[in-house]
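Numbering-wise (our numbering), the sequence shown opens with residue 177 and increments by one. Glycine included, each C-beta is placed from N, C-alpha and C at the ideal position. Values in this document were obtained by computation on a predicted structure and should not be read as measured data. Report on the structure given below.
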Amino acid sequence: AVVSTQSTGEQLYVTLSTDAAASAWLASLLILHQIVKKYEYKKLEDRDGLHEDMTSVLPVLFERLSQLHTDDSELSVTCQKTILKIVYRLIQFRMPLQLFPPEVFGKMVVCLQQVMSRPVPLEVEEQESKEDLPNIIWWKLKKWAMHLLTKIFERYGNTNTISKEYKKLGQFFSSQCGVPILNTLLLALVETNKGRYMSPRVLQKIIVYLKLSVSVSITWKVLKDSILEVIQQVVFPLLCHSDEDEELWNEDPYEYIRMKFGIELYNVQKWGAWMAANRGTRLLFIEHTGRPLSLSLGPTFKS
């Protein structure tokens, strides 16, 4: 019998580097996801072996992600989602700079932007009920893309608050990535206002990105021209007491209170929307009057 001398990382690299069927890629990606997940909570010094393998594998993952971008099949989207989950678990607590030089980091951000710019196929949405839409693989892919974008922006988007170690990474993101991503997300909100569906989790993450954009000068310069429209068309409807709220209040007041004031996506989404609107309107007020806005109100959830 011939015994392979290749490490698991090398074997995965070989499979992912070849023009194999997407099903073969998915099998390798699922194995890689389990490996990365095993190291997710380990100390940095205990992840050297993983990082050594990922040095060669990571650029290939982004090549595959870019290659699969135009393929809307369920298998392709599942591969893309698995790649994003791998990357998220790899950087969730700390961005390993040796794995993300500017060219690799830039490629990752471009891939994430592509995911958010591509609409979910209409024929897919039409086949599903509204209750099931958040769970289809196409919206799960976008959810993981937004997980990554908000995580990166929160940690490295504001060059005034990041550590010296990540200063160059932050400057690269701020100058090259923040505004293009913001424009992509604003376009997605425009499509939503035209009647296209958006899953609650993706909408919540987009609102978080907008909130972060208010605090960074380069993105605020772009967002301030649209902030009032965003508040009117997106934020205000979220904060209003809707017909569905009224129906729930009449049918089950206890469930209504749990949804409104519990730690639920529904409540987090509304609070994030209010925070984005609050920060944006304060900055607009200061720019137009030269005075701070002293009013400080939380969301009342009433129309």
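* Beta-carbon separation of residue 202 and residue 234 under 8 Å? -> Counted from its first residue, the sequence shown places residue 202 at position 26. Counted from its first residue, the sequence shown places residue 234 at position 58. Cβ atoms of residue 202 and residue 234: not closer than 8 Å.
* Give the straight-line distance between the Cα atoms of residue 213 and residue 419, rounded to the nearest whole angstrom. => One-based indexing of the sequence shown puts residue 213 at position 37. One-based indexing of the sequence shown puts residue 419 at position 243. Spanning the two alpha carbons is a distance of roughly 42 Å.
* Could you check what DSSP says for residue 416 in three-state terms: helix, strand or coil? => Indexing the sequence shown from 1 puts residue 416 at position 240. Correct three-state label for residue 416: coil.
* Less than 8 Å separating the beta-carbons of residue 386 and residue 399? -> As a working mapping, residue 386 is identified with position 210 in the sequence shown. As a working mapping, residue 399 is identified with position 223 in the sequence shown. Yes, these two residues count as a Cβ contact at 8 Å.
* Same chain, Cβ closer than 7 Å to residue 395, five either side skipped, listed in chain order -> Here residue 395 refers to the residue found at position 219 when the sequence shown is read from its first residue. Counting only Cβ-Cβ distances below 7 Å, and skipping sequence neighbours, we find 354, 355, 358, 389.
* 8 Å Cβ cutoff met for residue 325 and residue 264 -> Here the question's residue 325 lines up with position 149 in the sequence shown. Here the question's residue 264 lines up with position 88 in the sequence shown. Not closer than 8 Å, so no.
* Asked: Where do the N-terminal and C-terminal ends of the alpha helix (DSSP H) with residue 376 fall, by residue?
  -> Position 200 of the sequence shown holds residue 376. Run containing residue 376: 376-390, per the alpha helix (DSSP H) assignment.
* **Cβ contact check for the stretch 338-349 and the stretch 310-317: 3 or more pairs under 8 Å** => no
* **alpha helix (DSSP H) runs contained entirely in the stretch 282-353, provided each spans 4 or more residues** => 298-303, 313-332, 343-348
* Out of 289, 190, 431, point me to the one whose CA is closest to residue 317's CA. => For the purposes of this step, residue 317 is identified with residue 141 of the sequence shown, where counting begins at 1. Nearest of 289, 190, 431 to residue 317, Cα basis: 289.
* Cβ-Cβ distance between residue 230 and residue 260 below 8 Å -> Walking along the sequence shown from the start, residue 230 turns up at place 54. Walking along the sequence shown from the start, residue 260 turns up at place 84. Not in contact: residue 230 and residue 260 (Cβ atoms no closer than 8 Å).
* Asked: So what's residue 444 in DSSP terms, helix, strand or just coil?
  -> Against the sequence shown, residue 444 aligns to sequence position 268. No answer about residue 444 holds up, because its pLDDT of 48 lies below 50 and its placement is not dependable.
* Contact set for residue 322: own chain, Cβ-Cβ below 6 Å, skip 5 residues either direction -> The residue you call residue 322 lines up with position 146 of the sequence shown. Only 378, 381 meet the Cβ criterion.
* To do: With DSSP collapsed to three states, give me the class of residue 270.
  => If you number the sequence shown from 1, residue 270 lands on position 94. Coil at residue 270, not helix or strand.
* To do: Would you kindly work out how many angstroms separate the C-alpha atoms of residue 384 and residue 376, rounded to a whole number?
  => The sequence position of residue 384 within the sequence shown is 208, counting from 1. The sequence position of residue 376 within the sequence shown is 200, counting from 1. Using only the alpha carbons, I get a separation of about 12 Å.
* For residue 374, which of 257, 191, 335, 292 has the nearest alpha-carbon? -> One-based indexing of the sequence shown puts residue 374 at position 198. Answer by Cα proximity: 292.
* **Exposure label - residue 217; buried when at least 16 CB within 10 Å** => Counted from its first residue, the sequence shown places residue 217 at position 41. The residue in question, residue 217, is exposed, as its Cβ has fewer than 16 Cβ neighbours within 10 Å.
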